[in-house]
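Participant: Here it is, the structure, as structure tokens.
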Amino acid sequence: MFTAQGSVKTAVEAMRRGAVDFLEKPFHREQFVTVLARLQRLNQMSRRIERLEQEVTETKSQSLEPIFDFTTPAMQEAMDILMRAAKTPPQF
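Here numbering that gives the first Met the number 0 is used: the first residue of the sequence shown is 0, the next is one more, and so on.
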């Protein structure tokens with residue numbers, strides 16, 4: 000938001016209504032460039048968040064193949080050993 004009559008009250012109200020930044024006139028070119036760069040980064044982050052959320056949603060909707068087949072005798076034996084080891088108190 001650009002304004003010729005800047006005040007804390009005006010800035011707070013502008014931010015509440017969705018302004019990303021607040022520049023009081025007259026402002027310097029460097030200030031404007033800094034605000035534009037910040038807006039570009041915010042836009043890029045927003046798009047990246049949307050892409051990541053979509054990837055998570057798509058991943059959750061796909062059926063995942065089990066990593067281990069716990070029905071094989073070898074895996075059952077390994078799990079049995081692990082369960083017994085978990086119940087054994089540590090010995091130092």
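Ideal placement from N, C-alpha and C gives every residue a C-beta, glycine not left out.
On a predicted model such as this, the values are computed, not experimentally measured, just so you know.
1) Pull up the CB-CB distance for L38 and V19, whole angstroms please, since I reckon it's below 8 Å.
2) Go ahead and pull the three-state DSSP assignment for F31.
3) Mapping the DSSP letters down to three states, classify Q90 as helix, strand or coil.
4) Apart from the five residues on each side of it in sequence, which residues of its chain come closer than 8 Å, Cβ to Cβ, to M14?
5) What separation, rounded to the nearest whole angstrom, lies between the Cα atoms of R47 and K59?
6) Looking at M78 and F69, is the spacing between their C-beta atoms short of 8 Å?
7) May I ask which residues mark the beginning and end of the alpha helix (DSSP H) holding T9?
Facilitator: According to the structure data:
1) Contact between L38 and V19 is confirmed by a C-beta separation of about 6 Å, below the 8 Å threshold.
2) F31 falls in the helix class under three-state DSSP.
3) Q90 falls in the coil class under three-state DSSP.
4) Taking M14 as the centre and dropping the five residues before and after it, the same chain places the C-beta of F21 closer than 8 Å to its C-beta, in chain order.
5) Roughly 18 Å separates the two Cα atoms.
6) Cβ distance < 8 Å, so F69 and M78 count as in contact.
7) First-last of the alpha helix (DSSP H) with T9: V7 to R15.
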